[in-house]
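First up is the structure itself, then whatever we jot down about it.
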Amino acid sequence: MAFYRQVGSVPPKRHTQHRSPEGALYREELMGEEGFSSDSSLLYHSGVPSSLVDARTWELPDQSLVANTPLVPRHLKLHDLFTDAARDPVLGRRLVLGNADVRISYAVSSQTSPYYRNATGDECVYVERGTAVVETVFGALSVGPGDYVVIPRATTHRWVPDGELRTYAVEANSHIAPPKRYLSKYGQLLEHAPYCERDLRGPAEPLLVEGTDVEVYVKHRGDGPVGLAGTVHVVPEHPFDVVGWDGCLYPYAFNISDFEPITGRVHQPPPVHQVFEGANFVICNFVPRKVDYHPLAIPVPYYHSNVDSDEVMFYVDGDYEARKGSGIGKGSITLHPGGHSHGPQPAAIEGSLGAEYFDELAVMVDTFRPLGLGEGGRASDDGKYAWTWSGRGPGA
């Protein structure tokens, strides 16, 4: 996020001596993207950020993917995946969908996660229900329902839930940022963007924690499923030893209620709902809004073929007009794969005529390579959704 912040104690000039009140030299760490060619921040540690005292293999949760064959749209019932919250928001994730660019997981949790670092790409975690504190090497973020939490690659952090927490995690193999068309050539959000820098919440002060021989779970590139592997690093001093930092790379939260919907006289295409983008995928959200006001407008979407993408819709809240009669409800995911034309349920078209407002809340991920079904996706598939437009299934 190319918008400068300064938190805590930093020296007047970068790459110069910065000492504690007792005279000890702080260690400066550059955390930067694209090999010194993109956004970065400078962090000042009291310890040595490279120090290790032990390492062991972390066996990742099931990351296997199965192709969506035969090619059909699917309804995945995420709320059926967990019967309790006796796990944490990182190790407790169940993989729902994924490909080489992005992985979508879901967790219901109540326990504090281990210290965790995703070294394969940025994460965008949507908080469906509950509250938590996300502790990071940059400082802490208090998050709650409707928050997107964007965590840059290799940021050491942990989740501390306050009661039951439901999270929908989008893990990239790239960086996640606002769409380029919303940004000036210098990275400022422009006037036509549906949100601005005032809506973003970053860490406000250092989070200093003491400790020794701390375990950090690292997800990184490897030979495992989708090129992933895991390692647990044991570090001699607590990773949250940063007395100050500044720059344009850091975790932040953005609440979906601060997204200002773009509407028109006739139905607007999905790009107007876009909130973030990564390599070969985009994230959109559908929020409560006034709908099309042409006198002959059809408010629900027209049928459309996803020629180049798979579309994943997570239904968070409200009453989703286009899916009425399909069994879709809160906590549902629909997967509409490339190569299949999809759109509203037939009765929903006439039923939407004259509507002036849609009370719906959903998060959509469109990918430009086919998605496979993770173990969580396979376990939550209702097996019936593909036949809801025709009203009859195979052999009927």
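Heads up: the sequence shown at position 149 corresponds to 136 in my numbering, and the numbers run straight through without jumps.
Note that CB positions come from ideal geometry on N, CA and C, so glycine has one too.
Treat the numbers as computed from the prediction; the structure is a model and nothing was measured.
How about residue i and residue j: are their beta carbons less than 7 angstroms apart?
i     : j    : result
L58   : P324 : yes
V230  : P190 : no
V303  : A349 : yes
S28   : G234 : yes
D346  : P275 : yes
V83   : G363 : yes
W45   : Y280 : no
N105  : K206 : yes
G108  : N55  : no
V26   : L236 : Checking the displayed sequence, the identity of residue 26 turns out to be Asp instead of Val. Cβ distance < 7 angstroms, so D26 and L236 count as in contact.
A342  : V294 : no
Y(-9) : Y93  : no
Determine the direct distance from the alpha carbon of residue j to that of residue i, and round the result to whole angstroms.
i    : j     : result
P48  : F23   : 33 angstroms
G79  : R188  : 26 angstroms
P36  : M18   : 11 angstroms
G34  : Y103  : 18 angstroms
V95  : Q175  : 35 angstroms
W232 : P(-1) : 12 angstroms
R1   : V221  : 29 angstroms
V253 : Y13   : 58 angstroms
Return the chain-ordered list of same chain residues with a C-beta closer than 6 angstroms to the C-beta of residue i, the five sequence neighbours on each side being excluded.
i    : result
S385 : Lying outside -12 to 383, the shown extent of the chain, residue 385 is not represented and no answer is given.
A240 : L128, V130, D134, V136, R188
E298 : H323, D353
L242 : The sequence given here has Asn at residue 242, not Leu. Excluding residues within five positions, the ones whose Cβ falls inside 6 angstroms are G133, D134.
Using 6 angstroms as the cut-off, classify the Cβ of residue i as near or not near the heavy atoms of the ligand PLP, replying yes or no.
i    : result
D134 : The ligand PLP is absent from the structure shown, which contains no ligand whatsoever.
Report, in whole angstroms, the separation of the C-beta atoms of residue i and residue j, which I expect to be a contact under 8 angstroms.
i    : j    : result
Y182 : F246 : 6 angstroms
I320 : L63  : 4 angstroms
D368 : R81  : That pair is no contact at about 13 angstroms.
Y290 : G330 : 3 angstroms
R356 : V219 : Not quite, the Cβ-Cβ distance comes to about 31 angstroms (not below 8 angstroms), so this is no contact.
F263 : A164 : 7 angstroms
A72  : E151 : 5 angstroms
Using the rule of at least 16 other Cβ atoms within 10 Å of the residue's Cβ for burial, across every protein chain shown, is residue i buried or exposed?
i    : result
D353 : buried
E224 : buried
H32  : buried
Q261 : buried
P139 : buried
D210 : exposed
S244 : exposed
E158 : buried
A216 : buried
Spatial neighbours of residue i within its chain, please: CB distance less than 7 angstroms, with the 5 preceding and 5 following residues excluded, ordered by chain position.
i    : result
E197 : H225
R153 : V95, E115, R116, G117
Here's a check: name, in chain order, each residue in its chain whose Cβ is nearer than 8 angstroms to the Cβ of residue i, leaving out the five neighbours to either side.
i    : result
L238 : According to the sequence displayed, residue 238 carries Pro and not Leu. Only V121, T123, F125, L128, V136, V137, I138, P139, T142, H144, G189, P190 meet the Cβ criterion.
V213 : Q50, L52, G85, N86, A87, R90
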